[in-house]
Amino acid sequence: MPEAFDATPESAKPAPTSSRACPLPQDVCSPQTCDVPVGAGMPAKNPAKISAYPRDLLAQARLQATDERLLDCLERLACDTPDTFTRRLGLTLHYPVLDSHSLLASTPRFDKLALAQCLKRECVLIEQGGQLLGVFADPFDPARLAWIDDVLQGAPLYLAHAADLATFLARHEESFHAVDALDHDAEASSEGDPLQRLSLASISEDQSRVVKLVNSTLYDALKLHASDIHLGMTGQGLTIKYRIDGVLNGAGKASGSAFADQVISRIKVMAELDIGEKRVPQDGRFKVAVGDRQIDFRVSIMPSIFGEDAVLRVLDKQDLSDRVSGVQLQALGFADETLRALRRLAAEPYGMILVTGPTGSGKTTTLYAMISEINHGVDKIITIEDPVEYQLPGVLQIPVNEKKGLTFARGLRSILRHDPDKILVGEIRDPDTAQIAVQSALTGHLVFTTIHANNVFDVIGRFSQMQVDPYSFVSALNAVLAQRLIRLACPHCATPCEHDDDTLYGSGLTREGVAGWTFVRVKGCGHCRGSGYRGRSAIAELLHLDDDLRQMIVERRPLAQIKTLACQRGLRLLRASALDLVRDGRTTLEEINRVTFI
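First residue of the sequence shown? That's 0 in numbering that gives the first Met the number 0, and the numbers climb one at a time after it.
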């Protein structure tokens, strides 16, 4: 622990003295008996209709605070809401105030001020915008405040409501306790259990801090439903980020290059990778158990100028299955017209339905929702995936195992001999898989599959690069769906707003074109963990081929001409679908500009 944040018990330290003057009136508290500290002269913001507490209320609280602390007595007498009480108290004692949503959205720095000390002293050190801030709840405890001042040398102090601070610390204490339980379970059941656990009994005491950081990182990622964990090496140490709802969120830092290297090595040990090789990329995976759940982590290690970076893809099959089970297409947020078209496509007897989009855009979820709606037990449905992300009843699901020779192409050939009616191919990656998928669609099977491309028209180019015969391709293809996921504005903190002409112009809009639209702005709150967004909705562009479009593809006409004709036939691009959400006040201009082209 750095010297500036030495957490030595106060009994072992000389009692610090404070040179601050008491803010209370002299007739309430004299200098000789004063035990009320005052802020460092940084005034709290004074919102409308918020005023400081009068001296008679402070005096009354001081007289009645016999069996309870002065802070609780004052709040009881004030009869204000927790938020108003904290703001008025901050104004009275000249402390800046941190509201509940700002606190809950912040990142604690337990590496500098231990959680145990935070719980004991009712304070915490957080990081916001790259700045360290000290947060405390009781400004009437001089010994505690002096200790905080001494330990958090130079960090600005902010006042928060005691209940908000307790909730914040309790959340992180729960995470730490869960990690301890995971460690205990791993040691108790290590014999005869092939499932890898979050800790190894052979880790030495010097490395326990490494194990603790890795375990807590994995646990928090699961708790927050993160899709990916990013561990990045810098010149100063390690940064930890979670991808939540498609956006990276800072989760913490760890100082020291040597310590950061140990963390990456720990991940490599869990994934059974070569810890001595640091010059080339490595890929692996491992499994952990949390209670009765089994979670897969797919690991990618990449060398960099500072060392190695690690990205862990979280594959919580049970959680995903619970959330996807029973999910129908209407729950994904598609527009009504797109929804009707997808249901019609899913009911067709044969052909190919292609879904395209970047990693994490919901392609597999969409295909599984389509299959769920036609899974009535009368058709043989077989999938081949890498890996099997969702588990659906009544569906034969095959995981790819390239080490054993089970590739998409080989698995698809075998599936055709297993009397299928509907086939899902997790991804078309190579010409062999593309050829077999097309032939399957031409021989009476309905094939659902995905491919990486930016939009529906780029899919045509991808299949041309894979040397698939254009005539066979367009004969097999029923439709192409390109989709993205848009974060929805948090209903608890979104407020109506207006945009100036420059903002509209930068988003490809005009003042006349947005007449009657409901624009919203987000600021973040405790419900959305400070992001301003809660939940996501799918947007899509759906290209349904007709004879004219098929003929243009066979003739290898320029994609621009194909796009023009498709739009004339009613194709709505991704941008148009995204603007529908903005028009209805369900998301922001900033969000759709992040996801779609203007």
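For glycine and all other residues, C-beta sits at the position ideal for the given N, C-alpha and C.
Run of the alpha helix (DSSP H) containing residue i, from where it starts to where it stops
| i | result |
| --- | --- |
| P138 | Per DSSP, P138 belongs to no alpha helix (DSSP H) and is neither H nor E. |
| M269 | 256–269 |
| E384 | Where E384 is concerned, there is no enclosing alpha helix (DSSP H), although the beta strand (DSSP E) it sits in stretches over 380–384. |
| T587 | No alpha helix (DSSP H) holds T587; DSSP gives it neither H nor E. |
| I414 | 407–415 |
| T65 | Unbroken run through T65: none, as it is neither H nor E. |
| V458 | 455–464 |
| L344 | 335–345 |
| L558 | 558–567 |
| Q434 | 430–441 |
| L103 | 99–103 |
Extent of the continuous beta strand (DSSP E) to which residue i belongs
| i | result |
| --- | --- |
| F596 | That residue, F596, is in no beta strand (DSSP E); it is neither H nor E in DSSP. |
| V313 | 306–314 |
| T448 | 445–450 |
| Q390 | It is not in any beta strand (DSSP E) - Q390 carries neither H nor E in the DSSP assignment. |
| P398 | 395–398 |
Opposing strand residues paired with residue i [DSSP bridges]
| i | result |
| --- | --- |
| A288 | Q293 |
| N248 | Y241 |
| L366 | DSSP output for L366 lists no bridge partner at all. |
| E540 | A481 |
| S299 | D282, V310 |
| Q329 | None; Q329 has no bridge partner. |
| P495 | V519 |
Helix, strand or coil at residue i [DSSP, three-state]
| i | result |
| --- | --- |
| C609 | Past the boundaries of the shown model lies residue 609; the chain is included only from 0 to 597, so the question cannot be answered. |
| G356 | coil |
| K522 | coil |
| A577 | helix |
| H171 | helix |
| Y532 | strand |
| Y94 | coil |
| M551 | helix |
| G507 | coil |
| S50 | coil |
| P81 | helix |
| L423 | strand |
| Q235 | coil |
| Y218 | helix |
| A39 | Below a pLDDT of 50, predicted positions are generally treated as unreliable, and A39, at 42, falls in that range; the measurement from the model is reported next regardless. Looking at A39 - three-state DSSP - the assignment turns out to be coil, as it is neither helix nor strand. |
| D227 | strand |
| L23 | Bear in mind that the predicted position of L23 carries a pLDDT of just 45, short of 50, making it unreliable; the figure below should be weighed with that in mind. Looking at L23 - three-state DSSP - the assignment turns out to be coil, as it is neither helix nor strand. |
CB contact flag (residue i, residue j, <8 angstroms)
| i | j | result |
| --- | --- | --- |
| A601 | I243 | It is not possible to answer for residue 601, since the shown part of the chain is limited to 0 through 597. |
| A539 | Q482 | yes |
| T563 | R486 | no |
| M351 | V437 | yes |
| I381 | I397 | yes |
| I561 | F472 | no |
| L570 | L544 | no |
| H160 | L114 | no |
| P138 | L92 | yes |
| C489 | R533 | yes |
| D291 | L221 | no |
Residue nearest to residue i in terms of C-alpha spacing, selected from the options
| i | options | result |
| --- | --- | --- |
| L168 | P107, N453, A330, A259 | P107 |
| D98 | T65, K379, F135 | F135 |
| A51 | L90, L69, A577 | L90 |
| L212 | D227, A253, L223 | A253 |
| V594 | I300, L573, A142, L341 | L573 |
| C524 | V298, L144, S101, D378 | S101 |
| S439 | N592, A162, D418, E554 | D418 |
| A77 | L57, E67, A250, R68 | L57 |
| Q293 | Y218, R143, Y367 | Y218 |
| P348 | R510, A475, G425 | A475 |
| L521 | N400, G584, V479 | Checking the sequence, you will find Val at residue 521 rather than Leu. Answer by Cα proximity: G584. |
| R297 | D282, G531, V289 | D282 |
| D158 | Q152, L144, H229 | First, the residue type needs correcting, since residue 158 is Leu and not Asp in the sequence shown. The candidate whose alpha carbon is nearest that of L158 is L144. |
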